[in-house]
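Right, one structure below, let's go through it.
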Amino acid sequence: MDLHLSHVSHRYGAVEVLDDIDFTISQGHIVCIIGPSGCGKSTLLRLIGGLEQPSGGVVLQIGEPPPDSRNPLTYIFQDFALLPWRTVRGNVSLVLEDQPLAQSARGAIIDDVLRRTKLSEFGDAYPRQLSGGMKQRVAIARALSVNPACLLMDEPLSALDSQTRELLMDDLVELWSREPFTACYVTHNLGEAVRLGHKVIVLSRRPGRIREVVDIDLPLAGRSVAHRGALESLQDRLWTLLREEALAADQELADA
Amino acid sequence: MPEGRAPARPVGFRGGGFAPRPVGVVGPLVFVILLVFWEIGSRLGWISALVLPAPSAALAALRDLFDSGLLFKHLGASLQRLVLGWCLGTLLGVAVGVAAGLFSLARAGVVPLVSAIFPIPKIALLPLFIIWFGIGEESKVATIFFGVFFPTVIAVYGGIDNVDRGLVRMGQSFGLSWTSIVRKIILPGALPAMLSGFRITASIAIILLVAAEMIAAEFGVGAYILMAGNLMATDQLIAGVAILSVLGLVVGWLIGRAERFLLRWRA
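Now the structure itself:
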């Protein structure tokens, strides 16, 4: 299943947030969206997943999601969005409880995703007992449990410290290498974008327009080691593109 | 650092404080000391028995009450009114509060009404309730019911308002049904606010119970206290007040247990 954004625009009242956004998320690819703060990145993600309706244009789903996909468009949130009154298992279980699944099948799915995210030992822990990185791994496990056709990740690593971020990026690459998933990954961190993206979409400041689409034709696994130089120059190029926008966006906020 | 010349001294400590810790024995100790002084003062005649009877006299009055079998008659009558009034008020208050927390129409209809009626001291309405429901149990239960109902509504819809909308959006993004979101996300999220509401409504219920019993009741702790006052039997009066204090403590303890059990996921 591919996702195609066809001339999507969005406005909140008189404020134009997104203008004529048009791109495709192909199956098995990770598309990163970067842009200065307030450019409507998160809004765009909410539009893609159907949590908000665009004022103009349409988000199209091309082809059917795999039949075993229980929630084709699945989010991973910046603030993890875990229920503090449920354990790790309970939090994963939550999103399966409305599905027509036998108790044993549900348990098996939970075991499987916790194993894939290296959380097997922490099934009975409450979120308050977990570090930020662990919390986000629970959120990833929860997302994997519904077999998403496309993951919608809203700055998933931004609430974490830089060391945890590195570790989780490796985890994400490993997960993808074992079983390629489709994802739209919103971030303001250029390093994350060049490490994880097959395609990087650069948005301008508000109203967000596509400034440039950068394809990265490097294998995801081992990219940061084997192609360190290439990634660095790419990151520099993205920064040159973004710098003026970020500066202008910053001034805009100061004036507002 | 220039050696030997500049004098070295430790940086002065200026942090700490502003973090009261629980100290177990102090509370009971204050009680005991106060009671001992009170008893000594009475025995030595510093405090007139009519103005304030000795704790031992109050205890004796309590024992008399127990021996005569009237203690449980009074306590039973009071507890029945309290439990009935509080439970009814809480049940309906939670139902209306949840409705006001979830539906715009219910909120628009309920909130102004609650704001208008909540500040009325419910005991002022007791004569009206007596006309409506008679002089029996119903009017007293109704007073407690109304006293409990309104603050419960406010606590519940306030609690629902404060549930993290990010969690609700998460539920929607995973395609959870409306009932699942309410049952598994909104209600547990509002539970802490509801429980602190219960703490307040339980105290309100006890206050209204005694007030209602003082106006019109044959049995009940409030009636017992009023009777003792009319007879200038201050030892019985103190005994009655002590019963109320214990009642309040027990209710508070029960809610504390409920909190510890239901909110064990909190730090």
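For the protein sequence lines, the chains are A and B, in the order given. Position 187 (the first sequence) corresponds to 182 in the working numbering; numbering is contiguous. Count along the second sequence starting at 1, add 298, and that's the number in the working numbering. Yeah, the Cβ is synthetic: ideal placement off N, Cα and C, and Gly gets one too.
CB contact below 8 Å: residue i versus chain B
{"i": "Ala251 of chain A", "result": "Bear in mind that a pLDDT of 49 at Ala251 of chain A, under 50, signals an unreliable position, so the number given afterwards is only what the model happens to contain. Answer no: the Cβ-Cβ gap between Ala251 of chain A and chain B never drops below 8 Å."}
{"i": "Leu89 of chain A", "result": "yes"}
{"i": "Leu0 of chain A", "result": "no"}
{"i": "Asn66 of chain A", "result": "yes"}
{"i": "Ala76 of chain A", "result": "yes"}
{"i": "Arg123 of chain A", "result": "yes"}
{"i": "Leu46 of chain A", "result": "yes"}
{"i": "Val117 of chain A", "result": "Before going further, note that residue 117 of chain A is Phe rather than Val in the sequence given. It does not; no Cβ of chain B falls within 8 Å."}
{"i": "Phe72 of chain A", "result": "yes"}
{"i": "Gly8 of chain A", "result": "no"}
{"i": "Asp63 of chain A", "result": "no"}
{"i": "Asp17 of chain A", "result": "no"}
{"i": "Asp231 of chain A", "result": "no"}
{"i": "Glu92 of chain A", "result": "yes"}
{"i": "Thr69 of chain A", "result": "yes"}
{"i": "Pro79 of chain A", "result": "yes"}
{"i": "Val141 of chain A", "result": "yes"}
Near the ligand FAD: residue i beta-carbon under 7 Å from a heavy atom
{"i": "Ala531 of chain B", "result": "The model depicted lacks the ligand FAD and carries no ligand whatsoever."}
Residues bridged to residue i (per DSSP)
{"i": "Met148 of chain A", "result": "A:Ile71 and A:Tyr180"}
{"i": "Arg6 of chain A", "result": "A:Glu11"}
{"i": "Cys27 of chain A", "result": "A:Tyr180 and A:Val195"}
{"i": "Thr19 of chain A", "result": "A:His(-1)"}
{"i": "Val208 of chain A", "result": "A:Ile196"}
{"i": "Gln56 of chain A", "result": "A:Leu(-2)"}
{"i": "Gly51 of chain A", "result": "A:Ser4"}
{"i": "Gly203 of chain A", "result": "A:Leu13"}
C-beta neighbour in chain A for residue i, strict 8 Å
{"i": "Leu485 of chain B", "result": "no"}
{"i": "Ser494 of chain B", "result": "no"}
{"i": "Gly313 of chain B", "result": "no"}
{"i": "Arg467 of chain B", "result": "yes"}
{"i": "Phe329 of chain B", "result": "no"}
{"i": "Gln470 of chain B", "result": "yes"}
{"i": "Ser478 of chain B", "result": "yes"}
{"i": "Ala491 of chain B", "result": "no"}
{"i": "Ser437 of chain B", "result": "no"}
{"i": "Ser413 of chain B", "result": "no"}
{"i": "Ala565 of chain B", "result": "yes"}
{"i": "Gly399 of chain B", "result": "no"}
{"i": "Gly457 of chain B", "result": "no"}
{"i": "Ala304 of chain B", "result": "no"}
{"i": "Ser475 of chain B", "result": "yes"}
Top-ranked residue by Cα proximity to residue i, from the options
{"i": "Ser50 of chain A", "options": "A:His2, A:Asp245, A:Ser99 and A:Asn86", "result": "A:His2"}
{"i": "Gly35 of chain A", "options": "A:Ile135, A:Gly203 and A:Leu215", "result": "A:Gly203"}
{"i": "Ser4 of chain A", "options": "A:Ala244, A:Leu215 and A:Arg201", "result": "A:Arg201"}
{"i": "Tyr70 of chain A", "options": "A:His193, A:Asp17, A:Leu163 and A:Ala144", "result": "A:Ala144"}
{"i": "Lys158 of chain A", "options": "A:Leu78, A:Asp245, A:Ala134 and A:Ser126", "result": "One point to set straight first is that residue 158 of chain A is Gln, not Lys, in the sequence displayed. Among A:Leu78, A:Asp245, A:Ala134 and A:Ser126, the Cα nearest to that of Gln158 of chain A belongs to A:Ser126."}
{"i": "Val519 of chain B", "options": "B:Ile541, B:Leu547 and B:Gly527", "result": "B:Ile541"}
{"i": "Arg160 of chain A", "options": "A:Asp149, A:Glu187, A:Met148 and A:Arg137", "result": "A:Glu187"}
{"i": "Ser172 of chain A", "options": "A:Glu227, A:Ile205, A:Leu213 and A:Asn184", "result": "A:Leu213"}
{"i": "Ser402 of chain B", "options": "B:Tyr455, B:Pro353 and B:Arg379", "result": "B:Tyr455"}
{"i": "Leu198 of chain A", "options": "A:Glu207, A:Arg190 and A:Gly192", "result": "A:Glu207"}
{"i": "Leu147 of chain A", "options": "A:Glu174, A:Thr235, A:His24 and A:Val220", "result": "A:His24"}
{"i": "Arg232 of chain A", "options": "A:Gln246, A:Ser115, A:Ala243 and A:Val209", "result": "A:Val209"}
{"i": "Leu380 of chain B", "options": "B:Ala304, B:Ile483, B:Ala514 and B:Lys438", "result": "B:Lys438"}
{"i": "Leu(-2) of chain A", "options": "A:Ser115, A:Gly102, A:Pro175 and A:Leu55", "result": "A:Leu55"}
{"i": "Leu13 of chain A", "options": "A:His193, A:Glu47 and A:Gln73", "result": "A:Glu47"}
{"i": "Phe72 of chain A", "options": "A:Leu0, A:Ile135 and A:Phe176", "result": "A:Ile135"}
{"i": "Thr19 of chain A", "options": "A:Glu11, A:Gly33 and A:His193", "result": "A:His193"}
For this session: Examine the Cβ distances between the region 175 to 182 of chain A and the region 26 to 38 of chain A and report whether three or more of them are shorter than 8 Å.
Result: Cβ pair count under 8 Å is three or more, so yes.
Exercise. Should the region 40 to 52 of chain A be called in touch with the region 107 to 117 of chain A, which here means at least 3 C-beta pairs below 8 Å?
Worked result: Short answer: they don't touch.
Problem set entry | Those runs of the alpha helix (DSSP H) which lie wholly inside the region 347 to 423 of chain B and span at least 4 residues | The region 347 to 423 of chain B contains these whole alpha helix (DSSP H) runs: 353 to 365, 368 to 400 and 402 to 415.
For this session: Could you say if the region 446 to 455 of chain B and the region 383 to 398 of chain B meet the contact criterion of at least three C-beta pairs nearer than 8 Å?
Result: Counting Cβ pairs under 8 Å, three or more are found: they touch.
For this session: Taking 8 Å as the threshold, find out whether the region 58 to 77 of chain A comes into contact with the region 135 to 144 of chain A through three or more Cβ pairs.
Result: Touching, yes, given that three or more Cβ pairs across the two stretches are closer than 8 Å.
For this session: Count the C-beta pairs between the region 116 to 134 of chain A and the region 78 to 86 of chain A that are closer than 8 Å, then say yes if the count reaches three, no if not.
Result: Contact holds: three or more Cβ-Cβ distances are below 8 Å.
Exercise. Is the region 160 to 169 of chain A close to the region 83 to 100 of chain A, with three or more CB pairs under 8 Å?
Worked result: In short, these stretches do not touch, since the Cβ pair count stays below three.
For this session: Could you tell me whether the region 550 to 562 of chain B touches the region 485 to 498 of chain B, where touching means 3 or more Cβ pairs closer than 8 Å?
Result: Enough Cβ pairs lie closer than 8 Å, so yes.
For this session: Report the residue ranges of all alpha helix (DSSP H) runs contained in full by the region 469 to 497 of chain B; include only those spanning at least 4 residues, in chain order.
Result: Whole alpha helix (DSSP H) segments, 4+ residues: 476 to 479.
Exercise. Are the region 533 to 553 of chain B and the region 507 to 524 of chain B touching by the rule of at least three beta carbon pairs closer than 8 Å?
Worked result: The answer is yes - the region 507 to 524 of chain B touches the region 533 to 553 of chain B, with three or more Cβ pairs under 8 Å.
Exercise. Do three or more CB pairs link the region 434 to 444 of chain B to the region 459 to 475 of chain B at distances below 8 Å?
Worked result: They do not touch, by the three-pair rule.
Exercise. Given 8 Å as the limit, is there contact between the region 339 to 358 of chain B and the region 531 to 538 of chain B, that is, 3 or more CB pairs closer than that?
Worked result: Yes, the region 339 to 358 of chain B touches the region 531 to 538 of chain B.
Problem set entry | alpha helix (DSSP H) runs contained entirely in the region 152 to 178 of chain A, provided each spans 4 or more residues | Runs of the alpha helix (DSSP H) inside the region 152 to 178 of chain A: 157 to 173.
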